[in-house]
Structure formats: structure tokens, C-alpha cells
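For reference, the structure discussed in these notes is given below.
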Amino acid sequence: MASLEEQITQRRAHLDALVQLGVPAYPNRFDRRHTVSELVQAHGSRTGEELDADRPETVTSGRILGIRSFGKANFLVISDGLLRLQVYIRQDSLPALDFKIFQLLDFGDWVGVEGRLFRTKTNELTVWAARLHFLAKCHLPLPEKWHGLTDVEIRYRQRYLDLIVNPESRQVFEVRSKVVTAIREFMTTRGYVEVETPMMQPIAGGALARPFVTHHNALDMELFLRIAPELYLKRLVVGGFDRVFEINRNFRNEGISTQHNPEFTMMEFYQAYADYHQLMQMTEELVATVAQRVNGSDRVLFNGHQISLAAPFARLSLREAARDAASTRLGRDVPMASLRSRDLAAALARELGIEVDAGAGAGRIATELFERLCEDRLIQPTFVHDFPTEVSPLSKQRPDDPETVERFELYIGGFEVANAFSELNDPREQRRRFEDQLKERAGGDAEAHQMDEDYVRALEYGLPPTAGEGIGIDRLVMLLTGSPSIRDVILFPLMRHLSSRDATDVAADATDPSV
RNA sequence: GACCUGGUAGCUCAGUGGUAGAGCAUCUGACUUUUAAUCAGAGGGUCGCGGGUUCGAUCCCCGCCCGGGUCACCA
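Below you can see the structure in the form of C-alpha cells.
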């Protein structure tokens, strides 16, 4: 007996046998006193003598990840998903029924255990079971206990399996949760109010990206999944929420890569009376605080790089970065003026072998040069600031240079982690910027911004001086967990459909009682 | 979208133009402090799917499906 079907049949037979013994197949509750993790944390450092002195009793539970059987003496390894604990099953220490239950258990089953803690001869912390309770059946064989599950496709499609057998995967998502908690606390203690704004929007605004389209039946209305919460959050600042933030998903209908998932989590926040300089400072503080909080260190190892997340971060102007990189590449001094004139910039791009859109102005070309020449080299945290106005339709210009806006992006590990700017709050200038975007849209740029009349109207009521920022949570978690792919920090990353036969899934057949 | 690369037992992986292999898991037996338990035995496969070449294909060729990576595009 060994094929998958046979193993499933065997496991079901074990469950049927339990029912024959009068054991409930699916009991409704189990009153556990301690989790496995609590027991390990409370007693993991205590000696056998100490345990024998006060004989701590417990009622605990978990999934069986190991069975070692010696006939009348047996060991289980149970896990609460985080830590593991051994259980000693001795035939003459248990009621006869409980021992029969033990004999019908399979790897992966859920059990409850009552007993006292002790240490075995090999000094392993162990529960000496006085009672054993059956809690739920695992009908399917688990991946191997030693190598775990390494097939990334199964790890992503069936994350539950990954979590059962790969503790390091569980750890990543524990860290992710702590990151969100730490950020939320960081923000709320600074007086930011957490809000929720629409994810279904009639105009997908606030970023330059292609949206997903959906439809509301009763209203017969086309809607877009949001690409950013930005315009709604700023409406709230107009309404008097002078510090707001939101942590939730954005959706962008674009390519997938190690750094891009179609839905991703962003923390976006707005602060009235602040400008982008203050946000740089706050961002340094936030990143270092969160790192300390979740890892106990502001240093991380990412893709083989030791990265220091301690403030202050490097600061680099976008055009200077592009000019310096271009100079190095060409072996001559490229004058800054080359990035300010459309014709000179286009010639420079040609010289560097970088293609740019025919309609691109000097600002877009300079940005393109930066992205192509500099971006992936920014391993240590770096604020790249002062973006061209042309690529920043919602940002406020520098008073001394209208071609440049007060905007920065934070790069760590070679990719963008945050994007922030002083918010454009002049409604007439905003309308003009939207109109420029409409021209680009008419020219075929599907990512150009649409006109949002209500947003302009909100600005007409008056947005105080405000700075805002978006921080990519997935990417921050990648850095803090050393995960090279965004799919490793998203519980259920988007995957293609399997064929209908495969998607039916052997498991579905196996657990269907009608089969 | 282009290129590179992978898909063999429940899992981790070998392998070959001539009836398909290991370890773990499974099943049978032994074993009252083991821990990747051990020992003895047994079973388990549409070699991703579909064509082609061949006396014969898991292997060679073509197409497709599903992953992973690099680039392009984006955040």
C-alpha cells in the first residue's frame, strides 16, 4: 500500500476505525490550557530535576509532525505552527481507549494532550501523556519531514502546506505581521488617524499605472480597482484630518516579477503643514524603528549585501545621480544642462543607447536615465530627491525651480521602497497638470493620469501645505526577512490557472464523502 | 513579449533510445526514554500534456500547459 490513493484510503480507514471506537471524528472544541510555544518558552530552559520537583501539568494541542513508535513506548512531535514539542505515549500511562487512538494516528493529524512536563534521558522537553484526544484528521500525506517542501510552485499555490512543514516560511509571515503592527503603532503614536478609502474607484488615480477594470451590476457602472489611495486621502486632509494613514492593497494591471505582484500592500500617509524634508527624516526613523522592533537590529542581509538601516540615509538628487552615472559611462563630463533640454537629453540618451519615447520631454528622459543607470546600484538606503515636474503630476514644485518638484523616492537593496512629495495644492496648477496628462494619454500613454474633477474641486476648497508618502510594505518585508522575491512575503501570490483536471485537485476527490 | 531553465513515486532527488531508481513517507513484523530512531520484509509510477521520428521514446524533434530566472515594462 503506497500510492497516493492507497495512502488516502488507509488514512480514511483509520478515521473510520476511530468512529467505530466511539471517538468523535470532528469534535467541536478542545479546551487547551497552553500552546506548544507557551510551554517551550516557559519550560524550555528548566532542568529535568526542576520539572520533576513541581511536575507542571498542561493541556495542549497541535499537529503531529513526527511519530516514533517502540511498541509500548512511543513519541509524537506536535507543533502549534511555530514551535514543536515532544509527547511521550506510554501504553500503561494512558486509558486503553486513548492508546487505541494513538495507534490510529497519522502524520498531520491534530491531537490534544493532557499530561505533565518532564525531560527524557536525552534531555528532551516532553509531555508525559495521561490523556490523548483526537481533534481532526489529515487525509493527505504530508511532504517529507527532513527536506520539507521546496517546490516553489506548490509553496505558493498551497501555502498551507508550506506553513505546515517549513517553519522559516511561517517566520517570514510572523515578521510581516509584526512590521504592520509596528508601523501602525509608529503612526498612531504620532497622531495619525487610520482610515479606509475606496478600493473600487470610478477614476483610477493617484499613480501612473494601468488599472484592473470591474463592473457594478445594480448601478451598471464601470469601476477600477484602485492603483493608489492618494487622491482620497488628500480629500480627507481637505476635510480636516490633518494626519491620516491607510495600510491596504493597491492593484496594478502590469507585469509580474520578483519585485511586482498585481496586488501589493502600501502604507500611505499625509501630514498637513509638513514638506518632503520632514518626511525624509520621519522615514529614516520609521524604517530603523521597525527594523529594531521586528529583528532587534537595524542591519539586514539582503541578496548578499549587508545593509544598514540606521539613520541618516544618503541623499542624492535625481538629475545629479543621472548626470554622474552618464559621465562615468561615457568617460566625459556631462553638463547638467544636458538634462534640462529635451533635445540635448534625447541626444544623451541616444549616445548611452537608452531608448526613450518620442513624446518624452527632458524630465522624463532624465528620469529614464536615472532608472536605467542608477536604480539597481542603490543598495544602501538612499533618498533620491528632486524629481522632474513632468513625471510628477501631483507634486509641488520647488519655489526656485518650477521644472523640479519636492519629491523623493527611497531606494534600498536596489529597488524603490517609498515615494513621497510635498503635495501640489494649487487647484489651477493641478488642473493644468491633469491636462498635460490627458495629452499624454491621447498620445497613447495608457498609464497617464485621468482628469479628476472632484479632486480639483476638493483642492479649490483649500488643501493646507501637506506632504504625503507611500511605503511599499511587501518590499520592506522582503528587506527585513532577506527574501529575494516578493512572492515569498505574500501569502497567496497570484498564479496562473492550472488546467481544469489539475485544478480539480486530488485532495477534493479524496475528501469528498460521496466518492 | 523575448531568451535561459525546470516538470520522474505523497515529498526530496538520481537516471537511461531497450519492461524505471534511491532516501524519507506508506504497509507487515520486532522493540518500554527515542529524536532524520533502528532492524527485517513488502508494495507504490500516464517519467507535465499532445503529436512526430524510431522495431522501440521518460530520453531525440515539434507544439502546448505550469513553474523559476534574466531582460523588456512597471512600484
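Residue numbering for the first sequence follows the numbering used here, starting at 609 and increasing by one per position. Idealized CB from N, CA, C, for every residue including glycine.
Legend entry - Segment limits, alpha helix (DSSP H) that includes Val788: That run of the alpha helix (DSSP H) goes 775 to 797.
query = Among residues of its own chain, excluding the 5 on either side of Val780, which ones have a beta-carbon nearer than 7 Å to its beta-carbon?
reply = Taken in chain order, the residues that qualify are Thr1089, Ser1091, Asp1096, Val1097.
**Prompt:** With 16 other CB atoms within 10 Å as the buried threshold, where does Ile762 fall?
**Reply:** Looking at its Cβ environment, which holds fewer than 16 other Cβ atoms inside 10 Å, Ile762 is exposed.
Problem - Euclidean distance between Cα positions of Leu612 and Ala650 - result: Looking at the two C-alpha atoms, the distance is approximately 40 Å.
Problem set entry | Residues near Leu690 in its chain [Cβ-Cβ closer than 7 Å; skip 5 each side] | The residues are Ser645, Arg778.
(message) Between the alpha carbons of Asn911 and Glu983, how many angstroms are there, rounded?
(response) C-alpha separation (whole angstroms): 15 Å.
Ala1028: which of Cys746, Met888, Leu952, Leu831 sits nearest, CA to CA? The option with the nearest alpha carbon to Ala1028 is Met888.
Margin query: If I measure Cβ to Cβ from His622 and keep anything under 8 Å in the same chain, skipping five residues before and after, which residues do I get?
Written below: A distance below 8 Å between beta-carbons, with the five flanking residues on each side excluded, links His622 to the following residues of its chain, in chain order: Leu712, Leu713, Asp714, Lys745.
Q | Sequence ranges, alpha helix (DSSP H) only - wholly within the segment 989 to 1048, length at least 4 | A | Listed in chain order, nothing qualifies, since the segment 989 to 1048 has no complete alpha helix (DSSP H) run of 4 or more residues.
Checklist entry - In chain order, what residues of the same chain have a beta carbon less than 6 Å from the beta carbon of Ala933, not counting five sequence neighbours either side? => result Correct list, in chain order: Leu981, Cys982.
Open item on the list: In the DSSP assignment, the beta strand (DSSP E) including Glu1077 goes from what residue to what residue?
Closed with: Unbroken beta strand (DSSP E) run through Glu1077: 1074 to 1080.
Q) How about Arg857 and Ala817: are their beta carbons less than 7 Å apart? A) The criterion of a C-beta distance shorter than 7 Å is not satisfied by Arg857 and Ala817.
Q) With DSSP run on the structure shown, which of helix, strand or coil describes Val644? A) In the structure shown, Val644 adopts helical secondary structure according to DSSP, grouped into three states.
| message | Within the continuous beta strand (DSSP E) that includes Gln694, where are the two ends? | response | Counting along the chain, Gln694 sits inside the beta strand (DSSP E) bounded by residues 692 to 698.
Quick one: using the 10 Å Cβ neighbour count with 16 as the cut-off for buried, is Ser785 buried or exposed? Classification for Ser785: exposed.
**OP:** Quick one: residues in its chain with C-beta nearer than 8 Å to the C-beta of Ala945, no 5 flanking neighbours on either side, listed in chain order?
**Re:** Non-local beta-carbon contacts of Ala945 in its own chain, meaning distances under 8 Å to residues more than five positions away in sequence, involve Leu952 in chain order.
#### Entry: Segments assigned alpha helix (DSSP H), at least 4 residues, entirely inside the segment 880 to 905
Counting whole runs of 4 or more residues, the segment 880 to 905 contains the alpha helix (DSSP H) stretches 884 to 903.
Residue from Glu782, Gln914, Phe1016, Gly904 whose Cα sits closest to the Cα of Leu1002: Comparing Cα positions, the closest option is Phe1016.
Requested in this report: Enumerate, from N- to C-terminal direction, the unbroken alpha helix (DSSP H) stretches of 4 or more residues contained entirely within the segment 897 to 963.
Outcome: DSSP runs (the alpha helix (DSSP H)) wholly in the segment 897 to 963: 926 to 938, 950 to 960.
### Message
So, with DSSP's three-state summary, where would you put Val685?
### Response
Residue state, collapsed to three classes: strand.
Give me the residue from Ala704, Leu757, Lys753, Arg765 with the minimum Cα distance to Ala738. Of the listed residues, the one whose Cα sits closest to Ala738 is Ala704.
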